[in-house]
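J.: Numbering (our numbering), first residue to last: 251 to 349.
One structure, pasted below without further comment.
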Amino acid sequence: MFGKPLVAALALVALHAHAQENAAARGLAATCASCHGTDGRSVTKEVASLAGLPKDYLVAQMKAFRDGARPATVMPQIAKGYSDAQIELVADYLSRRPR
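See below:
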């Protein structure tokens, strides 16, 4: 009875939710751009490029910075501002960027 219209409506809702999540991920990743470059592609050797790195690696590094397990100058302060969910979101976004 509801068949195709219901499936279409659910697909639109899912697409909208994905677009909002992607926008949130882009917003979080934009804070990385001043040091790590647009979409995580650094323009200097001194700062690591993040684009295309494995998501699990990015998550582990951010959590290590946040939890004080990996020392650095600025990253521990920045990472402390991210929740686990935000770290997952930005890591997923950056891992999907071309290198």
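Each residue gets a CB set at the ideal place from its N, CA and C atoms; glycine is no exception.
Bear in mind that the values here come from a model prediction, so they are computed numbers and not experimental data.
By how many angstroms is the C-alpha of ARG276 removed from the C-alpha of GLY302?
T.: Locating residue 302 in the sequence shown gives position 52, where the first residue counts as 1. Locating residue 276 in the sequence shown gives position 26, where the first residue counts as 1. Their backbone Cα atoms lie some 15 Å apart in a straight line.
J.: Counting along the chain, where does the alpha helix (DSSP H) carrying GLU296 start and finish?
T.: The residue given as residue 296 occupies position 46 in the sequence shown. Element bounds for GLU296: n/a, residue is neither H nor E.
J.: With a threshold of 16 other CB atoms inside 10 Å of the CB of TYR307, please say whether the residue is buried or exposed.
T.: Your numbering for residue 307 matches position 57 in the sequence shown. So TYR307 ends up on the exposed side.
J.: Can you tell me whether ALA279 sits near the ligand MN, meaning its C-beta is under 7 Å from at least one heavy atom of the ligand?
T.: Among the components of this structure there are no ligands whatsoever, and the ligand MN is therefore not found.
J.: Between which two residues does the alpha helix (DSSP H) harbouring TYR307 extend?
T.: On the sequence shown, residue 307 is found 57 positions in, with the first residue counted as 1. Here the alpha helix (DSSP H) through TYR307 covers 305-316.
J.: Helix, strand or coil for SER345 per DSSP?
T.: Taking the first residue of the sequence shown as position 1, residue 345 is located at position 95. Here SER345 sits in helix by DSSP.
J.: Is it buried or exposed for ASP289, if we count other Cβ within 10 angstroms and need 16 for buried?
T.: In the sequence shown, residue 289 corresponds to position 39, counting from 1. Burial call: buried.
J.: Is the distance from the Cβ of ASP334 to the Cβ of LYS305 below 8 Å?
T.: Here residue 334 corresponds to residue number 84 of the sequence shown, with the count starting at 1. Here residue 305 corresponds to residue number 55 of the sequence shown, with the count starting at 1. No, the Cβ-Cβ distance between ASP334 and LYS305 is not below 8 Å.
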